[in-house]
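Q:
There are 2 protein chains.
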Amino acid sequence: MTAKKQNNGSTEAQIKEAARRVFTSKGFAATRTRDIAEESGVNLALINYYFRSKENLYNIIMVEQVQLFLHSVSGILNDPHTTLFTKLELAIDHYIDMLIDNPGLPIFVMNEVNNNPEKLVERVGFSNHNAGQLYIAKQWAEMTFSGEIQPIHPIHLISNVVSLTVFPFIAAPLLRNRSGLSVTEYNELMKQRKALIPHWISTILTTPGPDTQNNKQS
Amino acid sequence: MTAKKQNNGSTEAQIKEAARRVFTSKGFAATRTRDIAEESGVNLALINYYFRSKENLYNIIMVEQVQLFLHSVSGILNDPHTTLFTKLELAIDHYIDMLIDNPGLPIFVMNEVNNNPEKLVERVGFSNHNAGQLYIAKQWAEMTFSGEIQPIHPIHLISNVVSLTVFPFIAAPLLRNRSGLSVTEYNELMKQRKALIPHWISTILTTPGPDTQNNKQS
DNA sequence: GTCTATAGACTGATAGAC
DNA sequence: GTCTATCAGTCTATAGAC
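So the sequence lines, in the order shown, correspond to chains F and G. If you're matching positions, the first sequence starts at -5 in this note's numbering and goes up one per residue. If you're matching positions, the second sequence starts at -5 in this note's numbering and goes up one per residue.
If you want it as structure tokens, here you go:
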């Protein structure tokens, strides 16, 4: 209620939100502090006043976005009261909703993963939810041991689930262009995948592999 | 054989190859012409002598890389003498080999797809091999009509094949970090996927969907 | 064709008035 | 807290010697 300008939120929050939009769509190097000033409608000098430097502001945004992308389903995957397939359904459902709301998030995070893996490991808390310690990993091990599901390297399972869920959003501009679908129509297909991907994963996990007899080639 | 310096190839080719490496790993904005000069071992001024501007050089590299990524399997997919599943096997096999040799290619192309879709459509010849006109599309339509494979929106099929093949390379630095696998071990898993992905796709296509009875919801 | 030197434009950051 | 004005550094591109 200071009511000096048309500022609705605090200036600091305005800058941060504008920085999130610009950084995630153009990356660090292509973003000028002047872009953030214009996007947020605040004076250029205030960016350095609130956030010491462009790099510092970027790091704050980056850590938040990576955590949103990586940690948002760890609760679901660690729930001891749901089955493995229910976990996958819930996680994929949650992820697709989030990706429809944040379509630029995967490419941003993947760029960080590819260009600054050491900074990412350094600044984002990874150790606290080691994938192998989640409850879903225990369930997967048990079901594999009992023969309920096919033996498969966990990297393949994780790759498949994440690939099928995330990649269509990374390739969306291309696939939409080639297919002539609108954003709404494309997102409708993505929502269909909430049911389809768990079904496909389940099918894959319960169908014998391509070389059931001799998978011991060098 | 001009033998003035230790130049093996022509200076122009040296610059171009260095530019490819630097641009594909850091992107346009983060790359300085000085980086390319150092990487190629030639004088800074020669970059502008051979390639008018940084932007012009980038566009040349970009078009070549996108075409390598997108057009390299159109011959396989348009072969009238192979079955649909053989096409998928051959295309995936070819792709995984190419991605092991060019691990930075997918993230580079996907950035271009997300940040400059209009430029990409403008500068890269798309129209000449419309996906719907490839022979594989005809085979897919026939097999769907005859009931040999499950009806599925073509976007889902294309998404699935490309996702399962390409995404594990985009997420490689992260997945390797989390799993503790070396580059060699990880690439070995990727090679396994040459056989696994066609098998999974075939399984998906020949297993009834999650809602076989009522898939006519609004 | 290749080099040095530098012009000309832009960027991140800050000093200092209000 | 917010603004204007500006500095110091860096970048692309080119002029001109060889």
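For every residue, glycine included, the Cβ atom is placed at its ideal position computed from N, Cα and C. Remember, predicted model here, so these are calculated numbers, not experimental data.
Which residues bound the alpha helix (DSSP H) around E112(G)?
A: Per DSSP, E112(G) belongs to the alpha helix (DSSP H) from 111 to 117.
Q: Please return the same chain residues whose Cβ sits closer than 8 Å to the Cβ of W134(F), not counting the five positions on each side in sequence.
A: Cβ within range, chain order: L78, I143, P148, L151.
Q: Going along the chain, which residues of its own chain have a beta-carbon closer than 6 Å to the beta-carbon of A13(F), five neighbours each way excluded?
A: Only I30, L51, I55 meet the Cβ criterion.
Q: Which residue marks the beginning of the alpha helix (DSSP H) containing A165(F), and which one marks its end?
A: Per DSSP, A165(F) belongs to no alpha helix (DSSP H) and is neither H nor E.
Q: Can the beta-carbon of P100(F) be found closer than 8 Å to that of V160(F)?
A: Contact flag set, yes.
Q: Distance, Cα to Cα, P192(G) vs G126(G)?
A: Roughly 20 Å between the two C-alpha positions.
Q: Give me the subset of the stretch 13 to 30 of chain G whose CB atoms are less than 9 Å from a CB atom of chain F, sorted by chain position.
A: Against chain F - using a Cβ distance shorter than 9 Å - the residues of the stretch 13 to 30 of chain G are S19, K20, G21, F22, A23, A24, T25.
Q: Beta-carbon within less than 7 Å of F22(F)'s beta-carbon, same chain only, minus the 5 sequence neighbours each way: which residues are those?
A: Y52.
Q: Within the 8 Å Cβ cut-off, does W194(G) reach chain F?
A: At least one chain F Cβ lies under 8 Å of W194(G).
Q: Report the rounded CA-to-CA distance for I130(F) versus D73(F), giving the unit in angstroms.
A: Between I130(F) and D73(F), the C-alpha separation is close to 8 Å.
Q: Name, going along the chain, the residues of the stretch 79 to 104 of chain F whose beta-carbon falls closer than 8 Å to a beta-carbon of chain G.
A: Those residues of the stretch 79 to 104 of chain F that come within reach of chain G (Cβ to Cβ, closer than 8 Å) are G98, I101, M104.
Q: If you reduce the DSSP assignment to three classes, tell me which class N208(F) lands in.
A: Annotation note: pLDDT 47 at N208(F) (below 50); position unreliable, coordinate value reported separately. Three-state DSSP puts N208(F) in coil, outside helix and strand.
Q: Just to check my reading of the structure: A165(G) and V107(F) have Cβ atoms closer than 8 Å, yes? What is that Cβ distance to the nearest angstrom?
A: With a Cβ gap of about 7 Å, A165(G) and V107(F) count as contacting.
Q: Give a yes or no on whether the minimum CB-CB distance between A165(F) and chain G is below 8 Å.
A: Yes - at least one Cβ of chain G is within 8 Å of the one on A165(F).
Q: Could you say which of S19(F), G119(F), L84(F) lies nearest to N105(G) if we only look at CA atoms?
A: N105(G) has its Cα closest to that of S19(F), out of S19(F), G119(F), L84(F).
Q: With distance defined between alpha-carbon atoms, name the residue in V155(F), E33(F), S173(F) nearest to L199(F).
A: Nearest option by C-alpha distance: V155(F).
Q: Under the three-state reduction of DSSP, which class applies to G174(G): helix, strand or coil?
A: G174(G) falls in the coil class under three-state DSSP.
Q: Does S47(F) come within less than 8 Å of chain G when only Cβ atoms are used?
A: By this cut-off, S47(F) is not an interface position.
Q: Exposed or buried, what is T25(F) when buried is set at 16 or more other beta-carbons lying within 10 Å of its beta-carbon?
A: Buried.
Q: Against R117(F), what residues of chain G qualify as contacts under a CB-to-CB distance less than 8 Å, listed in chain order?
A: Within chain G, no residue comes near R117(F); the closest Cβ sits about 14 Å away, beyond 8 Å.
Q: Please compile the residues from chain G whose C-beta is within a distance smaller than 8 Å of the C-beta of L158(F).
A: Near L158(F) (Cβ distances below 8 Å), the residues of chain G are S153, N154, S157, L158.
Q: Does the beta carbon of K(-1)(G) sit closer than 8 Å to a beta carbon anywhere in chain F?
A: Reliability fails at K(-1)(G), whose pLDDT of 44 lies under 50, so the model's placement of it is uncertain and no value is given.
Q: Let me know if Q207(G) comes out buried or exposed under the rule of 16 or more other beta-carbons within 10 Å of its beta-carbon.
A: Confidence is the limiting factor: at Q207(G) the pLDDT is only 47, short of 50, which leaves the residue's position unreliable, though a coordinate-based value still follows. Q207(G) is exposed by the Cβ-count criterion.
Q: I'd like to know if I149(F) contacts chain G, where contact means its C-beta is closer than 8 Å to some C-beta of that chain.
A: Yes, I149(F) lies at the interface with chain G (some Cβ there is under 8 Å from its Cβ).
Q: If the cut-off is 9 Å on Cβ atoms, which residues from the stretch 137 to 148 of chain G count as contacting chain F, listed in chain order?
A: So the list reads I146, H147, P148, given in the order they occur along the chain.
Q: Does the stretch 62 to 73 of chain F come close enough to the stretch 35 to 44 of chain F to have 3 or more Cβ pairs within less than 8 Å?
A: No contact exists between the stretch 62 to 73 of chain F and the stretch 35 to 44 of chain F.
Q: Just list the alpha helix (DSSP H) runs in the stretch 14 to 76 of chain F, keeping only unbroken ones of 4 residues or longer that don't cross its boundaries, in chain order.
A: Here the runs fully enclosed are 27 to 34, 38 to 44, 48 to 65, 68 to 71.
Q: How is P97(F) classed by DSSP in three states: helix, strand or coil?
A: DSSP places P97(F) in coil when its eight states are reduced to three.
Q: Tell whether a beta-carbon distance below 8 Å holds between S157(F) and L183(G).
A: Not in contact: S157(F) and L183(G) (Cβ atoms no closer than 8 Å).
Q: Can you give me the Cβ contacts of I90(G) inside the same chain, cut-off strictly under 6 Å, excluding the 5 residues immediately before and after it?
A: M184, K188, listed in sequence order.
Q: Using beta carbons (cut-off 8 Å, strictly below), is G203(F) in contact with chain G?
A: Closer than 8 Å to some Cβ of chain G, the Cβ of G203(F) qualifies, so yes.
Q: What span of residues does the alpha helix (DSSP H) with A125(G) cover, start to end?
A: Unbroken run through A125(G): none, as it is neither H nor E.
Q: What separation, rounded to the nearest whole angstrom, lies between the Cα atoms of G98(F) and F102(G)?
A: G98(F) and F102(G): Cα-Cα distance of roughly 15 Å.
Q: Are R172(G) and Y180(G) closer than 8 Å when you measure CB to CB?
A: Contact: no.
Q: By the 10 Å Cβ neighbour count, where 16 or more other Cβ atoms means buried, how is R113(G) classified, buried or exposed?
A: First, the amino acid is wrong: residue 113(G) is Lys here, not Arg. Its Cβ having fewer than 16 others within 10 Å, K113(G) is exposed.
Q: Check the Cβ of I198(F) against every Cβ in chain G and list those closer than 7 Å, keeping chain order.
A: Neighbours of I198(F) on chain G, chain order: W194, T197.
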